[in-house]
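Visitor: Sending over a structure as structure tokens; questions will come in a sec.
Number of protein chains: 2
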Amino acid sequence: MPTPDTSPAAHLIAACGGRVTRARIAVLEILQNSPRSLNHDDVAARLAEDGMPHDRVTLYRTLDWLVEQGLAHRVIGPDRARRFKAGGETRSHHAHFHCDRCGHVLCLESIRPEEQFTLPAGYQPERAELVFHGTCADCGRQRGTKI
Amino acid sequence: MPTPDTSPAAHLIAACGGRVTRARIAVLEILQNSPRSLNHDDVAARLAEDGMPHDRVTLYRTLDWLVEQGLAHRVIGPDRARRFKAGGETRSHHAHFHCDRCGHVLCLESIRPEEQFTLPAGYQPERAELVFHGTCADCGRQRGTKI
DNA sequence: CAGTTAATGCAACATTGTAGCATTAACTGC
DNA sequence: GCAGTTAATGCTACAATGTTGCATTAACTG
Chain A
1 MPTPDTSPAA HLIAACGGRV TRARIAVLEI LQNSPRSLNH DDVAARLAED
51 GMPHDRVTLY RTLDWLVEQG LAHRVIGPDR ARRFKAGGET RSHHAHFHCD
101 RCGHVLCLES IRPEEQFTLP AGYQPERAEL VFHGTCADCG RQRGTKI
Chain B
1 MPTPDTSPAA HLIAACGGRV TRARIAVLEI LQNSPRSLNH DDVAARLAED
51 GMPHDRVTLY RTLDWLVEQG LAHRVIGPDR ARRFKAGGET RSHHAHFHCD
101 RCGHVLCLES IRPEEQFTLP AGYQPERAEL VFHGTCADCG RQRGTKI
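If you read the protein sequences in the order shown, they are chains A and B.
The opening residue of the first sequence carries number 1 in my numbering; numbering runs sequentially from there.
The opening residue of the second sequence carries number 1 in my numbering; numbering runs sequentially from there.
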């Protein structure tokens with residue numbers, strides 16, 4: 001391949017002790033460059049666009065590996081398909097927005113529920129999950145678009 | 001059949017205008033008698049225990065019908081399987097506390113996330129779900145108790 | 001640069017859910 | 001009650017999503 005991989009994605013992968021393969025680099029970069037969560041088909045489509053299609057199974061294993069290493073995390077959509085985002089599980093220090101139209105999940109980094117509320121005496125919260133449901137900015141613009 | 005169905009479940013079903021079949025009565029009663037949400041396998045297992053096994057497809061259709069009629073509602077679990085509970089969608093506006101020790105869910109009426117946060121421009125939230133995870137007041141008192 | 005072995009790709013399988021259609025049984029009118 | 005109508009059921013086949021086994025490829029190691 002032309003460029004020996006000195007990309008940030010390649011470094012992250014190397015730091016995990018795994019082999020630095022083109023599949024992993026490409027998938028991680030795709031996730032990193034997407035503002036929204038992507039499912040397997042989304043990732044597969046972008047890999048194909050970039051001229052490097054991969055087997056369906058490889059994609060599953062690559063994504064699972066990235067999650068295992070903490071380089072990505074996974075959510076379940078309403079269509080019961082898994083969606084992936086770059087970055088480790090956030091342990092929910094921020095809120096999420098779940099679009100009921102397109103099914104995408106977006107992070108709302110600025111909203112941190114744990115800092116906002118005081119629980120009744122005796123309750124010992126360890127984490128909080130705040131999820132907004134509604135229509136995301138993209139879907140709000142293109143009304144009438146099918147899911 | 002021995003008992004003509006005068007059960008509350010049968011009345012609910014009749015009130016929806018649907019036919020009052022044993023499958024619907026049995027499934028609805030199973031959901032009503034369960035404190036937790038159940039997936040298809042759970043329901044199928046209980047039907048079998050009660051000596052009235054049903055086809056997998058019938059179960060899917062029965063559960064979907066109950067949801068459609070507002071007699072049950074559905075959530076997607078982390079295992080990407082659907083889970084069902086009796087009663088319509090709660091649409092509650094208050095937060096919940098989920099005790100990771102005893103598994104109970106408690107309502108925190110005083111906490112209403114929708115009134116607290118402003119989302120970035122473009123986002124149109126319709127509802128918010130705020131769930132705290134941790135140890136509830138009861139379990140906090142009796143440390144060391146098993147789940 | 002050759003050897004080792006993780007990663008890949010292929011085929012088959014598993015799980016969860018859906019569609020078509022013949023049969024059964026819940027309701028309706030008598 | 002009883003027969004007719006048709007919703008509900010159950011069977012078969014199929015679709016979508018995800019997993020397992022195994023031979024081949026290619027990333028790392030010395």
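Don't be surprised by glycine CBs; every beta carbon is placed ideally from N, CA and C.
Nothing here was measured: the structure is a model prediction, and the numbers come from that model.
Would you call residue 113 of chain B buried or exposed, if buried means 16 or more other Cβ atoms sit within 10 Å of its Cβ?
Guide: Buried, because 16 or more other Cβ atoms sit within 10 Å of the Cβ of residue 113 of chain B.
Visitor: Nearest to residue 71 of chain A by CA position, among A:135, A:140 and A:9, is which residue?
Guide: Nearest C-alpha to residue 71 of chain A: A:9.
Visitor: Do you know whose CA, among B:59, B:53, B:96 and B:93, lies nearest residue 82 of chain B's CA?
Guide: For residue 82 of chain B, the nearest C-alpha among the options comes from B:59.
Visitor: Near residue 29 of chain A, which residues of its chain fall below 8 Å by C-beta distance, leaving aside the five closest residues on each side in sequence?
Guide: Result list for residue 29 of chain A: 7 and 9, in chain order.
Visitor: Using a Cβ-Cβ cut-off of 8 Å (strictly less than) and excluding sequence neighbours within five positions of residue 43 of chain B, which residues of its own chain qualify?
Guide: Excluding sequence neighbours, residue 43 of chain B sits near 27, 30, 31, 59, 63 and 84.
Visitor: For residue 125 of chain B and residue 133 of chain A, which I take to be in contact (beta-carbon distance under 8 Å), what is that distance rounded to the nearest angstrom?
Guide: The Cβ separation is near 7 Å, so the contact holds.
Visitor: Should residue 17 of chain B and residue 65 of chain B be called a contact, given that it needs their Cβ atoms to be closer than 8 Å?
Guide: No, the pair does not count as a contact, with Cβ atoms beyond the cut-off.
Visitor: Please identify the residue among A:22, A:94, A:33 and A:123 whose C-alpha is closest to the C-alpha of residue 108 of chain B.
Guide: With distances taken between Cα atoms, residue 108 of chain B lies closest to A:123.
Visitor: For chain A, is any of its Cβ atoms less than 8 Å away from the one on residue 126 of chain B?
Guide: Output row for residue 126 of chain B: interface = yes.
Visitor: Mark residue 98 of chain A as exposed unless 16 or more other C-beta atoms lie within 10 angstroms of its C-beta, in which case mark it buried.
Guide: So residue 98 of chain A counts as buried.
Visitor: Tell me the residue span of the alpha helix (DSSP H) that contains residue 23 of chain B.
Guide: Counting along the chain, the alpha helix (DSSP H) containing residue 23 of chain B begins and ends at 22–33.
Visitor: For chain B, find out if any of its Cβ atoms is closer than 8 Å to the Cβ of residue 13 of chain A; answer yes or no.
Guide: Not an interface residue.
Visitor: Quick one: is residue 121 of chain A buried, meaning 16 or more other Cβ sit within 10 Å of its Cβ, or exposed?
Guide: Flag for residue 121 of chain A reads exposed.
Visitor: Could one say the Cβ of residue 84 of chain A lies closer than 8 Å to chain B's Cβ atoms, at least one of them?
Guide: Answer no: the Cβ-Cβ gap between residue 84 of chain A and chain B never drops below 8 Å.
Visitor: When you compare only the Cα positions, how much space is there between residue 54 of chain B and residue 86 of chain B?
Guide: Each residue's Cα considered, the two are about 19 Å apart.
Visitor: I'd like to know whether the C-beta atoms of residue 131 of chain A and residue 129 of chain B end up nearer to each other than 8 Å.
Guide: For residue 131 of chain A and residue 129 of chain B, yes; Cβs fall inside 8 Å.
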